[in-house]
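Here is the structure we will look at, set down as structure tokens.
There are 2 protein chains.
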Amino acid sequence: MSEIVIKFGGTSLATPELIINAAKKAAKTKEQYNRVVVVVSAMGSMTDELTSLAYKITSKPDQRELDMLLTVGERISMSLFSMALNSMGYPSISLTGSQSGIVTDTRHGNARIRNIEKERFLKHLDAGKIVIIAGYQGISYAKEITTLGRGGSDLTAVAIAATIGASQCDIYTDVEGVFTADPMIIKNARKIDVISDEEMMELSGSGAGVLYPRAMELARKNNIVIQIRSSFSENTGTFIKERDDMLEEVLVRAIACEENQSMIRIRAIPDRSENMQLVFRALADEDITIDMITKNVSDSGITDLSFTVGENDLDKTVNVTRGLLERVGAKEVTFKGDLAKVALVGIGMRSHSGVAALTFEELSKNDIDIEMITTSDIKISILIKSENVEKAVRVLHDVFELDKGGIKISRN
Amino acid sequence: MSEIVIKFGGTSLATPELIINAAKKAAKTKEQYNRVVVVVSAMGSMTDELTSLAYKITSKPDQRELDMLLTVGERISMSLFSMALNSMGYPSISLTGSQSGIVTDTRHGNARIRNIEKERFLKHLDAGKIVIIAGYQGISYAKEITTLGRGGSDLTAVAIAATIGASQCDIYTDVEGVFTADPMIIKNARKIDVISDEEMMELSGSGAGVLYPRAMELARKNNIVIQIRSSFSENTGTFIKERDDMLEEVLVRAIACEENQSMIRIRAIPDRSENMQLVFRALADEDITIDMITKNVSDSGITDLSFTVGENDLDKTVNVTRGLLERVGAKEVTFKGDLAKVALVGIGMRSHSGVAALTFEELSKNDIDIEMITTSDIKISILIKSENVEKAVRVLHDVFELDKGGIKISRN
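The listed protein sequences correspond, in order, to chains C and B.
Position one of the first sequence corresponds to residue 13 (our numbering), numbered consecutively onward.
Position one of the second sequence corresponds to residue 13 (our numbering), numbered consecutively onward.
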């Protein structure tokens, strides 16, 4: 008994022709696996269009009704997908999140899956049908329709894979896989064959928006191998696996970048933890997401606190922090826009130092100033001017030999 | 405790602005009634658009998936409607057919309501909320989403009215009510204030497509008064009531017409009931709907059988009937297209003869040939050339004084 879950994103389902194309892939998969579940996103930009409809009604649509509205997107694509398969002679049935028994908590717009009552869809799988499940949605304890938040369809796919005991989940999208850098920027960027889940987590959080962390975490917990692959070719994609002996280790696996970043600096703030708490609590209350944070301690107990936010949040952030100046006893708030974050990710960094040194050296050689640096055990993030981002990625891609698959290292 | 159901058709909900307009009417209704249920259709032409999407996938979409697809239309409008009401400060909640407990049989595409499990929506009504229910849909015994067929949203509205014991159901649409004739054809056509349900049934079946017979029947059975009224004005519409003392009787209440009719004649067919059965069974098997039927008996036991079908079905009908010629021993099949049916409806005909005579006289005076005539106790239908339809309706509208409210008669 072999089973697999395959998931199609919105760009893979944007037109009836593309849905037929995707259904052909599902049919082919059914020739290789006994049990096939297909998880679908909404067609193309439908979720955005529905959201915009809601905001034409009111500037503050209630979340319960918004979830009711948004979940129709997947319902449309799943029924069309099932019609396509049935017409090709592959018996199939489409099921909503609720019909699939995806039970969530009651947090509308960002619900968590609590359990999956699998009896209904298992019955159809046992009957040999391809089961099409609406991604991104479930039903709460309170019998209300909920949505799972951004990247929710990936989460649905992995959760269903875990439920049916599938060891693989193929995510079909509009790219060939995960690349060593954005191929739009770096001509000789290379598709990565296998990447560790840790590396993928760091990349996804750094602007290479291929897969959402919640889906990744769930896959890791259930030993599910995810393949990111293209709907528009027959090629093998990128496999995301737990780090094991099969996985060749390299110093740097990939470089992600994220533009439209801004840096805020609170100058001469007394370095006390209650001050830090005050600042970050106030920002969190305003739903401002903070990314990089640095603090330079001086002898006097007075420090500069710097952090980055998305450009959209800059004005709000400056207002909030200036409003706190007197209370925390800081001198002033300065800020800088038009910045970009470049992140180098690789498990190899854990055992091999020198990545940071090589990065700074290469950037300095190319006259690229670094505004801020943060590091984790397998990632180095640097903040630079937006105008330098393309050059920075290119020279780092070259120096870490990513076009050749990366600098191999011996396993620790 | 006063209760009402109001229903909005697709043209009343075609844009976000129109949904807000309709929500205002619902809010105003809530000021007058304790319990208000709103039943909504899909926005504008959405059902047609979704259907066309399905046919881009396959020429034979399966009905189960088609129902799944089509029901999203009402789901979109109901959630937007509820958002609009909530934003105006009128607490409301939207419920799908399934959430409203509308349980149907399993006939996908044309399901019948079997019972309504009202507990869930009653709870919300009791809490003072305006409940928005998706029209046209339900859930079958087999826990599958079903649709109720054409005019299904009207049926939902009347069924919910019956369930909550409402004595009135307002159907908001894009016309001011039911008219004595199509106002597009007859300039001085008059809005009818009150019409009997019997008259309305005959009119709806004769091309005045305001309300579907299934909704009418259900309203009659439950003593529910239906008001057909406009979303775009504050005017009172047309009340459809059981015939009672309040209802002024006129000889002819209204004239409906239907174009694109064709007449088929099977000539010299032996006048035996098994022959008639053969013909009509064969046509039914091909899903051909027959409207008017006449048979002229001759002394010899040989007759001409004539009937009308919609123009779209003409070719198929001629093929089917010609295929039967030998078997039934008939001479030939002739046919005529470009015809129109004009129907005069009025309860008064039941007690007063002379309507037919006056009709023939008036048409003859105006050189309009009659191709076929059929009558029921409150309706006279005549088949004429399409080119004459406007003139025919105009002269009959005048002679029966419909612009003045119709020729009053004493009650029998």
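A virtual CB, placed ideally from N, CA and C, is assigned to each residue, including glycine.
query: Please classify B:A296: is it buried, with 16 or more other beta-carbons within 10 angstroms of its beta-carbon, or exposed?; result: exposed
query: According to a CB-to-CB cut-off of less than 7 Å, which residues of the segment 67–85 of chain C neighbour chain B?; result: K68, I69, T70, K72, P73, D74, E77, M80, L81, V84
query: Comparing C-alpha positions only, which one of C:A39, C:S71, C:E29 sits nearest to C:G56?; result: C:E29
query: Relative to the alpha-carbon of B:R232, which residue among B:S242, B:D60, B:M213, B:K37 has its alpha-carbon at the smallest distance?; result: B:M213
query: Is C:R47 helix, strand or coil when you go by DSSP?; result: strand
query: Can you name the residues of chain B whose CB is closer than 9 Å to the CB of C:M95?; result: A66, I69, T70, K72, P73, D74, E77, L78, L81
query: Name the residue from C:S99, C:S64, C:G358 whose alpha carbon lies nearest to the alpha carbon of B:I88.; result: C:S64
query: Assign B:N424 to buried or exposed, taking buried as 16 or more other Cβ atoms, counted over all protein chains shown, within 10 Å of its Cβ.; result: Caution is warranted here: a pLDDT of 48 is assigned to B:N424, below 50, making its placement in the model unreliable, and no coordinate value can be reported.
query: Can B:M275 and B:L351 be called in contact, C-beta distance under 7 Å?; result: yes
query: Can you list, in chain order, the residues of its chain whose CB lies under 6 Å from that of C:F20, leaving out five sequence neighbours each side?; result: A34, V52, Y184
query: What is the DSSP secondary structure of C:Y153, reduced to helix, strand or coil?; result: coil
query: Of all the CB atoms in chain C, is at least one closer than 7 Å to the CB of B:N127?; result: no
query: With distances taken between CB atoms, is the gap from B:G189 to B:T250 smaller than 7 Å?; result: yes
query: Measuring only the C-alpha atoms, how far is C:I390 from C:G163?; result: 24 Å
query: When you compare the CB of B:I88 with every CB in chain C, is at least one pair closer than 7 Å?; result: yes
query: What's the gap between the Cα of C:A26 and the Cα of C:M288?; result: 46 Å
query: Residues bridged to B:N308 by DSSP?; result: B:D316
query: Using a 10 Å radius around the Cβ and a threshold of 16 neighbouring Cβ atoms, would you call B:N400 buried or exposed?; result: buried
query: Quick one: which residues of the segment 26–38 of chain B get their C-beta closer than 9 Å to a C-beta of chain C? List them in chain order.; result: T27, P28, E29, I31, I32, A35
query: Below 6 Å CB to CB, which residues in the same chain sit around B:N122 once its five sequence neighbours on both sides are set aside?; result: G161
query: Could you tell me which chain B residues have their CB closer than 7 Å to the CB of C:S91, listed as they occur along the chain?; result: E77, M80, L81
query: So for B:Q454, helix, strand or coil by DSSP?; result: Because chain B in this structure spans residues 13 to 424, residue 454 of chain B falls outside the shown range and cannot be described.
query: Leaving aside the five residues before and after C:R47 along the sequence, list all residues of the same chain whose C-beta is less than 6 Å from its C-beta, in chain order.; result: E15, L137
query: Taking 7 Å as the CB-CB cut-off, is C:S99 touching chain B?; result: yes
query: Indicate whether at least one CB of chain C lies closer than 7 Å to the CB of B:S24.; result: no
query: Helix, strand or coil: which one does DSSP assign to B:N234?; result: coil
query: What are the boundary residues of the alpha helix (DSSP H) that includes C:S99?; result: 84–99
query: Could you have a look at C:S376 and say whether DSSP puts it in helix, strand or coil?; result: helix
query: I need the boundaries of the beta strand (DSSP E) containing B:R184, first residue and last residue.; result: The residue you asked about is not Arg; residue 184 of chain B is Tyr in the sequence shown. It spans 180–185 - the beta strand (DSSP E) in which B:Y184 sits, taken as one unbroken run.
query: Rounded to the nearest angstrom, how far is the Cβ of B:T108 from that of B:A146, given a contact under 8 Å?; result: 5 Å
query: Using a cut-off of 7 Å between C-beta atoms, extract the partners of B:S57 located in chain C.; result: The contacting residues do not exist; B:S57 stays about 15 Å from chain C at best.
query: Measure the CB-CB distance between B:V264 and B:F412 and report whether it falls below 7 Å.; result: yes
query: Do B:I437 and B:S104 have their C-beta atoms closer together than 7 Å?; result: Outside the modelled stretch of chain B, which goes from 13 to 424, sits residue 437 of chain B, for which no answer is possible.
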